[in-house]
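*Asks:*
Residue numbers (the numbering used here), protein chains in the order written: chain A, 54 to 166; chain B, 7 to 120.
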């Protein structure tokens, strides 16, 4: 079985400040981990993924995420937030032997000018 | 690549009617996935195909739901005898192969059952 938790429904940050969106996961084997972003009335857009290797993964639009095996976490980060980063963010996990992905319930990020 | 496309984008139907949605994946992708997303929740897995073979179905997929991918290209998702609880966004995604490959999502079909 696999599951994902995004403990914060909403994250508010000021433009220019660093942001973190939290994600923890549970899988029976080794995980593949993903972050997606969803803008209103749009499909999910891929941001980044962790497969193996370096625990710090860099992705699109200046986002990065840190894989922490001992804490089973994969938090999304950005050093300096933009107003245009305001959107709904989803973390997803897939067991290396599975076909399907399991998504969290999403975190709404609001960046205020 | 033109991306994953879905048709229609919106569907309003009356309870008890049948509806069918279409998904066209990215052309070289051999895996195709269907998810359902309701307000305030993340996408929930429904089923996936590798080429024309349906490899896994969620328990969420009742016998009123059927999906096909007859030639390993586009896929259809049919819901028979729709219920108000079927109202949701139906998302399609495709990927190149199993494993760490990224699933790319279409814009979704929003179903409203009156």
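Heads up, the beta-carbon is just placed ideally off N, CA and C, and yes, glycines get one too. Owing to the predicted nature of the structure, the values given are computational and were not obtained by experimental measurement.
#1: Is residue 130 (chain A) closer than 8 Å to residue 77 (chain A) when the C-beta atoms are compared?
#2: Using 8 Å as the threshold, is the C-beta distance between residue 142 (chain A) and residue 90 (chain A) below it?
#3: Should residue 18 (chain B) go down as buried or exposed, given a rule of 16 or more other Cβ atoms within 10 Å for buried?
#4: Less than 8 Å between the CB atoms is what I'm expecting for residue 75 (chain B) and residue 58 (chain B), so what's the real figure, rounded?
#5: Under a three-way DSSP split, which group does residue 92 (chain B) fall into?
#6: Distance check for residue 52 (chain B) and residue 84 (chain A), CA to CA, integer angstroms please.
#7: Would you identify the three-state DSSP class for residue 114 (chain A), choosing helix, strand or coil?
#8: Around the Cβ of residue 2 (chain B), are there at least 16 other Cβ atoms within 10 angstroms (buried) or fewer (exposed)?
#9: Can you confirm whether the segment 120-128 of chain A touches the segment 59-67 of chain A when touching is taken to mean that 3 or more C-beta pairs between the two stretches lie within less than 8 Å?
#10: Quick one: residues in its chain with C-beta nearer than 7 Å to the C-beta of residue 67 (chain B), no 5 flanking neighbours on either side, listed in chain order?
#11: Determine whether the Cβ of residue 167 (chain A) lies closer than 8 Å to any Cβ atom of chain B.
#12: Under a three-way DSSP split, which group does residue 74 (chain A) fall into?
#13: Measure the alpha-carbon distance for residue 168 (chain A) versus residue 140 (chain A) and round it to whole angstroms.
#14: Using only alpha-carbon positions, find the residue among A:147, A:134 and A:99 that is nearest to residue 54 (chain A).
#15: With a threshold of 8 Å between beta carbons, is residue 96 (chain B) in contact with chain A?
#16: Cα separation between residue 114 (chain A) and residue 105 (chain A)?
#17: Hey, is residue 60 (chain B)'s beta-carbon within less than 8 Å of any beta-carbon in chain A?
#18: In whole angstroms, what is the alpha-carbon distance linking residue 32 (chain B) and residue 111 (chain B)?
#19: Is residue 81 (chain A) helix, strand or coil by DSSP?
#20: So what does DSSP say about residue 30 (chain B), is it helix, strand or coil?
#21: Quick check on the DSSP output: the beta strand (DSSP E) that includes residue 16 (chain B) runs from which residue to which?
#22: If you run the structure through DSSP and keep just helix, strand and coil, what is residue 137 (chain A)?
#23: Can you give the Cα-Cα distance for residue 165 (chain A) and residue 132 (chain A), rounded to whole angstroms?
#24: Chain A beta carbons: is any one of them nearer than 8 Å to that of residue 71 (chain B)?
*Replies:* In brief:
#1: no
#2: yes
#3: exposed
#4: 5 Å
#5: helix
#6: 20 Å
#7: helix
#8: With chain B running from 7 to 120 in the structure shown, residue 2 (chain B) is simply not present.
#9: no
#10: 52 and 53
#11: Not covered by the structure: residue 167 (chain A). The range shown for chain A is 54 to 166.
#12: strand
#13: Residue 168 (chain A) is absent from the model: chain A starts at 54 and stops at 166.
#14: A:147
#15: no
#16: 21 Å
#17: no
#18: 10 Å
#19: coil
#20: strand
#21: 16-19
#22: helix
#23: 15 Å
#24: no
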